[in-house]
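Each remark here refers to the structure printed beneath this line.
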Amino acid sequence: MKKIYSLMFLLFGYQSFAGDEAAIDTGATAWMLTSTTLVLLMIPGLAMFYGGLVRTKNVLGTMMHSFTAMGIMTLLWVICGYSMAFGPNILGGWFGWSPDYFLLQGIDDVITDGIPEYVFAMFQGKFAIITPAIIAGAFAERISFKGYCIFIAVWGILIYNPLCHWVWASDGYLFNLGADGAIDFAGGTVVHISAGISGLVAALYLGARKQHPHLPMQPNNLVMTMIGVGLLWVGWFGFNAGSSIESGLSTAQALTVTQIAAAAGALAWILIEGFHQGKATALGFASGILAGLVAITPAAGVVQPMGAIALGIFSSGICYLAIMIKNKLGYDDTLDAFGIHGVGGIVGALLLVFFIRDSWMEDAAGLAGGTWGVIDQLGVQALAILIALAYAGVGTLLILFVLNKIVPLRATEEAEMKGLDSSYHGEKGYGMINPS
Amino acid sequence: MKLIIAIIRENQLDQVRESLIEAGIARITVSNVSGHGRRITEEIYRGQKVIPTMVSNIRLEIAVNDEFKERTIEAITRATESNDGEMVGSGKIFVVPLEECIRIRTGEKGNAAI
Numbered sequence: 001m002k003k004i005y006s007l008m009f010l011l012f013g014y015q016s017f018a019g020d021e022a023a024i025d026t027g028a029t030a031w032m033l034t035s036t037t038l039v040l041l042m043i044p045g046l047a048m049f050y051g052g053l054v055r056t057k058n059v060l061g062t063m064m065h066s067f068t069a070m071g072i073m074t075l076l077w078v079i080c081g082y083s084m085a086f087g088p089n090i091l092g093g094w095f096g097w098s099p100d101y102f103l104l105q106g107i108d109d110v111i112t113d114g115i116p117e118y119v120f121a122m123f124q125g126k127f128a129i130i131t132p133a134i135i136a137g138a139f140a141e142r143i144s145f146k147g148y149c150i151f152i153a154v155w156g157i158l159i160y161n162p163l164c165h166w167v168w169a170s171d172g173y174l175f176n177l178g179a180d181g182a183i184d185f186a187g188g189t190v191v192h193i194s195a196g197i198s199g200l201v202a203a204l205y206l207g208a209r210k211q212h213p214h215l216p217m218q219p220n221n222l223v224m225t226m227i228g229v230g231l232l233w234v235g236w237f238g239f240n241a242g243s244s245i246e247s248g249l250s251t252a253q254a255l256t257v258t259q260i261a262a263a264a265g266a267l268a269w270i271l272i273e274g275f276h277q278g279k280a281t282a283l284g285f286a287s288g289i290l291a292g293l294v295a296i297t298p299a300a301g302v303v304q305p306m307g308a309i310a311l312g313i314f315s316s317g318i319c320y321l322a323i324m325i326k327n328k329l330g331y332d333d334t335l336d337a338f339g340i341h342g343v344g345g346i347v348g349a350l351l352l353v354f355f356i357r358d359s360w361m362e363d364a365a366g367l368a369g370g371t372w373g374v375i376d377q378l379g380v381q382a383l384a385i386l387i388a389l390a391y392a393g394v395g396t397l398l399i400l401f402v403l404n405k406i407v408p409l410r411a412t413e414e415a416e417m418k419g420l421d422s423s424y425h426g427e428k429g430y431g432m433i434n435p436s
Numbered sequence: 437m438k439l440i441i442a443i444i445r446e447n448q449l450d451q452v453r454e455s456l457i458e459a460g461i462a463r464i465t466v467s468n469v470s471g472h473g474r475r476i477t478e479e480i481y482r483g484q485k486v487i488p489t490m491v492s493n494i495r496l497e498i499a500v501n502d503e504f505k506e507r508t509i510e511a512i513t514r515a516t517e518s519n520d521g522e523m524v525g526s527g528k529i530f531v532v533p534l535e536e537c538i539r540i541r542t543g544e545k546g547n548a549a550i
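Chains as they are written, first to last, in the working numbering: chain G, 1 to 436; chain P, 437 to 550.
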């Protein structure tokens, strides 16, 4: 009797399972849930990375730039971001829109490619959070809190969502550029190049910190910076391997090259630094990890291990050079949002064409109806980069110009001297150094 | 020789340093200290205003030859007065006679060692 019951239960259970959820690929869904969590982990990671690099009086204010992005961008993403990024083209393809996606109402029980669409929407939402948080590094230590909050909200709506739509939506025009689209596997253009150039524009627009560059401004806590970059590396597996939006071969390929490029970038940086300055610094290793990870981000779907090593090394070398040039020119991209994310993103998106695996090129040739070569793809990549640079750069400048008339973006001189922590948050980061 | 001890606001260290360097005084010792004077600062803890019992300040120690004394004091005062108007809590400067000064590496003593 018992047996029959359990047999019936099994049959019944199986049937109901098959009836309701046959469309769900549990393996892929589980990995996408994990990836979503991992990408979220990058944001506190970035908060620690940036937070450790500023002066003691700005540590909380700087960490809050990342944390408030989690609040603001999440809500905006749910209200309109997902719709603008992944809805069907409107306004001639400037961005997308679908009333179904407003407050995610229409995707409550939708399963796309075996994955509940909620998971995809949340996964993509994390990218919308981290991008403005990266920009914050360019104007750290001198922006008013209110100004920052409004800036990232407007920037997210007007710059990030359209760019994301162009590159990743199936009807986005960069997605359909050339034979098989501009290659941006996990956000080299959308996230890193757009954040980098926007940061550069904002840093130039807001001007340097007081006393920059003649007083050295030391990091308050490199230990926290190292923990932060460690979390970023871990989280990047969700960022890159998760961007395959499945759990399979391309996931494994992306994961492998991510690990390799980070290691190559880190070692390249301390070697360069060792020869140039005589010391291999911890911050150099951390910067190299980031340079490697940023460069592999657009390329993770198409390159093999050798390409990953090359991208890591080139990215570190060129970013190192970019930061030296920045110091010569004297502008104040405080935490090198452009120097690493912008430059590394461009290096990755361009140089990846030399390391694309053969099968991809054959597919592209098939789609192009004949031949498709490295140079053809290089043209497509360069065009996509230029469009991203121009759109994000000019757009950011316009946003800053208009916003600055309404809310002063730059912190007052007094607030900058006192520090963002006490001026905007009424708190101190560290109490343990002094008796209180 | 004099030892000049200045207790200044935490946030004014940068401008005081700049001002001192401008006045040709580059050898200083800086430490984080806490204490209380007449100043009251407010912080916020979970929606409540709190007034910490101790306020963080910066303590500068500068050993100078007698002829640099006025210049040092003037540099510190100039740098701190520009920003705080009539608010209390700008700090204090103490001047103490300095009996001896020895440069450890060379063993030089007195005025030459400062």
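Ideal Cβ positions, reconstructed from N, Cα and C, are used throughout, including at glycine.
Item                                                                                                                      : Value
Short-range partners of chain P found in the segment 47-68 of chain G, where Cβ spacing is below 7 Å                      : Lys57
Test: Gly178(G) CB closer than 7 Å to a CB of chain P                                                                     : no
Length of the line joining the Cα atoms of Ser194(G) and Gly344(G)                                                        : 12 Å
Chain-ordered neighbours of Ile480(P) on chain G, where CB pairs are closer than 9 Å                                      : His425, Gly426, Glu427
Within chain G, partners of Glu517(P) - CB distance below 7 Å                                                             : In chain order: nothing, as chain G lies at least about 14 Å away.
Phe12(G) versus Ile24(G): straight-line alpha-carbon distance, rounded                                                    : At Phe12(G), the pLDDT of 45 sits below 50, so the modelled position is not reliable; the number obtained from the coordinates is stated separately. Computed Cα separation, rounded: 18 Å.
Beta-carbon neighbours of Leu104(G), restricted to chain P and to distances below 8 Å                                     : Under the 8 Å cutoff, chain P gives no residues; its nearest Cβ is about 32 Å from Leu104(G).
Cutoff 7 Å; reference Leu409(G); Cβ partners in own chain excluding five residues on either side                          : Ile143, Ser144, Gly147, Phe151, Leu206, Leu400, Leu403
Burial state of Asp332(G) (16 or more Cβ within 10 Å)                                                                     : buried
Neighbour-count burial assignment, Asn327(G), 16 or more Cβ in a 10 Å radius                                              : exposed
Closest Cα partner of Met306(G) within the set Val257(G), Gly339(G), Ala295(G)                                            : Val257(G)
Near the ligand HEM: Ala368(G) beta-carbon under 6 Å from a heavy atom                                                    : With respect to the ligand HEM, the structure offers nothing, as it holds no ligand at all.
Candidates Ala30(G), Met42(G), Thr37(G), of which the one nearest Leu290(G) by Cα                                         : Met42(G)
Nearest candidate by alpha-carbon position, reference Lys528(P), set Ile550(P), Arg495(P), Ser467(P), Ile457(P)           : Arg495(P)
Own chain partners of Gln15(G) with C-beta closer than 8 Å, once the 5 adjacent residues on each side are dropped         : Unreliable placement is indicated for Gln15(G), whose pLDDT of 42 sits below 50; no coordinate value is reported for it.
Residue range of the alpha helix (DSSP H) that includes Ser315(G)                                                         : 305-329
Same chain only: Cβ atoms within 7 Å of Gln381(G), ignoring 5 sequence neighbours per side                                : Ala182, Ile183, Ala349, Leu350, Val353
Minimum Cβ-Cβ distance from Gly447(P) to chain G less than 7 Å                                                            : Reading off the sequence shown, one finds Asn at residue 447(P), where the question assumed Gly. Cβ-Cβ to chain G under 7 Å: yes for Asn447(P).
Rounded separation between Gly419(G) and Ile134(G) - CA only                                                              : 20 Å
Contact list for the segment 199-222 of chain G against chain P, Cβ threshold 7 Å                                         : Gln211, Leu215
Same chain, Cβ closer than 8 Å to Arg445(P), five either side skipped, listed in chain order                              : Asn493, Ile494, Thr516, Asp520, Gly525, Ser526, Gly527
Assumed close pair Ile461(P), Thr508(P) - CB separation to whole angstroms, cut-off 8 Å                                   : 6 Å
Cβ of Lys418(G) within 7 Å of any chain P Cβ                                                                              : yes
N-terminal and C-terminal residue of the beta strand (DSSP E) that Phe285(G) is part of                                   : No beta strand (DSSP E) contains Phe285(G), which is instead part of the alpha helix (DSSP H) from 282-299.
Residues from the segment 439-473 of chain P in contact with chain G, defined by Cβ distance under 8 Å                    : Glu446, Asn447, Gln448, Asp450, Gln451, Arg453, Glu454, Asn468, Val469, Ser470
The segment 244-261 of chain G touching the segment 196-211 of chain G, judged by at least three CB pairs closer than 8 Å : no
C-beta atoms of Met32(G) and Val119(G) nearer than 7 Å                                                                    : yes
Cβ-based neighbour list, Ala499(P), same chain, cut-off 8 Å, excluding 5 preceding and 5 following                        : Met437, Lys438, Leu439, Ile440, Arg463, Leu534, Cys537, Ile550
Nearest neighbour of Phe175(G), chosen from Gln253(G), Ala390(G), Val294(G), Ala85(G) [CA to CA]                          : Ala85(G)
Rounded C-alpha distance that separates Arg209(G) from Gly156(G)                                                          : 25 Å
Inter-residue spacing [alpha-carbon to alpha-carbon] between Gly369(G) and Gly312(G)                                      : 33 Å
Span of the beta strand (DSSP E), counted from its first residue to its last, around Phe530(P)                            : 527-533
Residues near Ser423(G) in its chain [Cβ-Cβ closer than 6 Å; skip 5 each side]                                            : Ala415
The segment 122-136 of chain G contacting the segment 62-69 of chain G, beta-carbon criterion three pairs below 8 Å       : yes
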